[in-house]
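One line per chain: the protein sequences are V and Y, in this order.
Numbering of the first sequence is given in UniProt numbering, commencing with residue 1 and proceeding in unit increments.
Numbering of the second sequence is given in UniProt numbering, commencing with residue 1 and proceeding in unit increments.
Structure first, commentary second.
Number of protein chains: 2
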Amino acid sequence: MSSTADSFKAAFRHHPSGVAVITLDSTTGPVALTASSVFSVSAEPPMLVFSVAKMASASQPLHESSDIVVHLISVDQIDLAKLCAQRGADRFAGDVWTWSRYETGEPFFDAPAVRLRCRVTERVEAGASTLIVGEVLDIYISDDADAQAPLVYHDREWHRLDDGSVL
Amino acid sequence: MSSTADSFKAAFRHHPSGVAVITLDSTTGPVALTASSVFSVSAEPPMLVFSVAKMASASQPLHESSDIVVHLISVDQIDLAKLCAQRGADRFAGDVWTWSRYETGEPFFDAPAVRLRCRVTERVEAGASTLIVGEVLDIYISDDADAQAPLVYHDREWHRLDDGSVL
Numbered sequence: 001m002s003s004t005a006d007s008f009k010a011a012f013r014h015h016p017s018g019v020a021v022i023t024l025d026s027t028t029g030p031v032a033l034t035a036s037s038v039f040s041v042s043a044e045p046p047m048l049v050f051s052v053a054k055m056a057s058a059s060q061p062l063h064e065s066s067d068i069v070v071h072l073i074s075v076d077q078i079d080l081a082k083l084c085a086q087r088g089a090d091r092f093a094g095d096v097w098t099w100s101r102y103e104t105g106e107p108f109f110d111a112p113a114v115r116l117r118c119r120v121t122e123r124v125e126a127g128a129s130t131l132i133v134g135e136v137l138d139i140y141i142s143d144d145a146d147a148q149a150p151l152v153y154h155d156r157e158w159h160r161l162d163d164g165s166v167l
Numbered sequence: 001m002s003s004t005a006d007s008f009k010a011a012f013r014h015h016p017s018g019v020a021v022i023t024l025d026s027t028t029g030p031v032a033l034t035a036s037s038v039f040s041v042s043a044e045p046p047m048l049v050f051s052v053a054k055m056a057s058a059s060q061p062l063h064e065s066s067d068i069v070v071h072l073i074s075v076d077q078i079d080l081a082k083l084c085a086q087r088g089a090d091r092f093a094g095d096v097w098t099w100s101r102y103e104t105g106e107p108f109f110d111a112p113a114v115r116l117r118c119r120v121t122e123r124v125e126a127g128a129s130t131l132i133v134g135e136v137l138d139i140y141i142s143d144d145a146d147a148q149a150p151l152v153y154h155d156r157e158w159h160r161l162d163d164g165s166v167l
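Set out below in structure tokens:
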């Protein structure tokens with residue numbers, strides 16, 4: 001069939017993804033978004049990419065600031081992923097999901113077991129979204145990262161990977 | 001910790017992904033690669049992105065040809081994904097994984113339930129890889145696509161999503 005927005009969305013409902021939360025500063029304070037569109041591009045130099053919809057509230061800050069933090073999200077932080085995907089929610093109220101700042105200033109959430117501080121090196125306009133390419137400057141992996149179950153987003157549902165899902 | 005290739009790889013071992021197989025023509029016939037780095041970028045116009053390592057055999061063809069097919073892979077086609085990830089294997093011997101061509105010429109595998117014929121609109125060099133941005137021209141979704149279990153790649157293992165993994 002020819003490609004329409006509907007058939008395109010139907011096709012990608014068959015494509016699972018990992019989940020990430022991205023934080024950065026804006027002119028009005030820290031902002032955060034949830035992305036199911038993050039992948040590693042290159043290990044040497046370490047680079048990653050994700051996309052942000054132009055209509056997302058984080059789009060403009062991502063065009064203005066190059067200092068970002070990418071958190072890889074496990075099942076334990078599913079509610080953080082939902083919070084940062086929710087339009088208009090205050091992600092930094094700090095009552096449940098506490099946050100801190102790097103010495104270099106970038107805001108980050110304390111809970112996720114893996115996070116990567118990045119410098120945006122390229123922005124590529126692509127249809128209704130922008131591809132953000134980042135070089136990774138600093139990596140944090142908590143001691144209990146391996147004990148956390150990976151989270152997968154698929155067709156508007158969330159899944160846990162564990163011994164029961166392995167092939 | 002500071003970012004090294006090793007810590008970067010360790011970080012992304014915590015990031016699951018869907019699986020895709022990409023086919024296209026080269027000067028020596030059809031080529032195929034498996035990618036765990038595909039995501040949808042924009043629904044209107046329909047666009048997707050993936051990355052290919054510069055040292056991959058499909059890298060040069062992807063710089064020379066703009067007509068590609070992206071197959072989204074289910075558990076039923078796990079062996080096709082493994083075949084297309086295997087260095088030096090003949091992906092198009094056709095003894096198990098039969099293939100065809102669109103009227104417009106692009107080679108594709110018959111088995112996957114979802115495939116998207118694309119025109120490459122942009123190539124972005126990023127470290128040791130190239131980001132390939134494609135506009136989707138044509139979409140195929142088989143009648144039994146919903147019945148096929150989604151496949152996830154995570155930390156060098158393969159997982160199946162089903163009712164048992166849903167949260």
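All C-beta atoms in this analysis are idealised placements derived from N, C-alpha and C, irrespective of residue type, glycine included.
- Rounded to whole angstroms, the separation of the alpha carbons of G88 (chain Y) and L167 (chain Y) is 40 Å.
- When the five nearest sequence neighbours on each side are left out, the beta carbons in the same chain lying within less than 6 Å of the beta carbon of T130 (chain V) are those of V52, R123, in order along the chain.
- Using a Cβ-Cβ distance cut-off of 8 Å, the segment 147-157 of chain V and the segment 48-63 of chain Y are not in contact, since fewer than three pairs of beta carbons, one from each stretch, lie closer than that value.
- Nearest in C-alpha terms to D95 (chain V), of all of V:S17, V:F109, V:G105, is V:F109.
- Counting along the chain, H154 (chain Y) sits inside the beta strand (DSSP E) bounded by residues 151-154.
- Between L161 (chain Y) and S165 (chain V), the C-beta spacing is below 8 Å.
- Between the segment 99-115 of chain V and the segment 125-142 of chain V, the count of C-beta pairs closer than 8 Å reaches three or more; the two stretches touch.
- Straight-line spacing of the CA atoms in V152 (chain Y) and E103 (chain Y) works out to 31 Å.
- When C-alpha distances from C84 (chain V) are compared across V:V21, V:S100, V:E125, V:F50, the shortest belongs to V:V21.
- In this chain, the beta strand (DSSP E) harbouring A53 (chain V) covers 46-53.
- Secondary structure note for S129 (chain V): its beta strand (DSSP E) is the uninterrupted segment 129-141.
- Taking K82 (chain V) as the centre and dropping the five residues before and after it, the same chain places the C-beta of T34 closer than 8 Å to its C-beta, in chain order.
- Contacts with chain V at 8 Å (Cβ-Cβ) include S2 (chain Y).
- Per DSSP, the unbroken alpha helix (DSSP H) holding E64 (chain V) starts and ends at 59-64.
- Of the candidates Y:E106, Y:S57, Y:P150, Y:A147, the residue whose Cα lies closest to the Cα of Q86 (chain Y) is Y:S57.
- Within the model, the alpha-carbon separation for W99 (chain V) versus P150 (chain V) is close to 21 Å.
- By the C-beta criterion, the segment 2-20 of chain Y is judged not to be in contact with the segment 2-9 of chain V, since fewer than 3 inter-stretch pairs fall below 8 Å.
- Taking a Cβ-Cβ threshold of 7 Å, none of the residues of chain Y is close to F109 (chain V); the smallest such distance is about 15 Å.
- Per DSSP, the continuous alpha helix (DSSP H) segment holding S7 (chain V) begins and ends at 5-12.
- Within 9 Å of the CB of I141 (chain Y), the CB atoms of chain V belong to M1, S7, A10, A11, H14, in sequence order along the chain.
- Counting along the chain, the unbroken beta strand (DSSP E) around I22 (chain Y) starts and ends at 20-26.
- Below the 7 Å Cβ cutoff, chain Y contributes P150, L161 as neighbours of H154 (chain V), in chain order.
- Pairing F12 (chain Y) with S40 (chain V) gives a Cβ-Cβ distance under 8 Å.
- Close CB contacts of V133 (chain V) within its chain, under the 8 Å cut and outside five residues either way in sequence, are with V41, M47, L48, V49, V120, T121, E122, R123, V124 (chain order).
- Counting along the chain, I78 (chain Y) sits inside no beta strand (DSSP E); it lies in the alpha helix (DSSP H) bounded by residues 78-85.
- For F108 (chain V), the enclosing beta strand (DSSP E) stretches over residues 107-109.
- Taking C-beta atoms as the reference points, A128 (chain Y) and K54 (chain Y) count as a pair closer than 8 Å.
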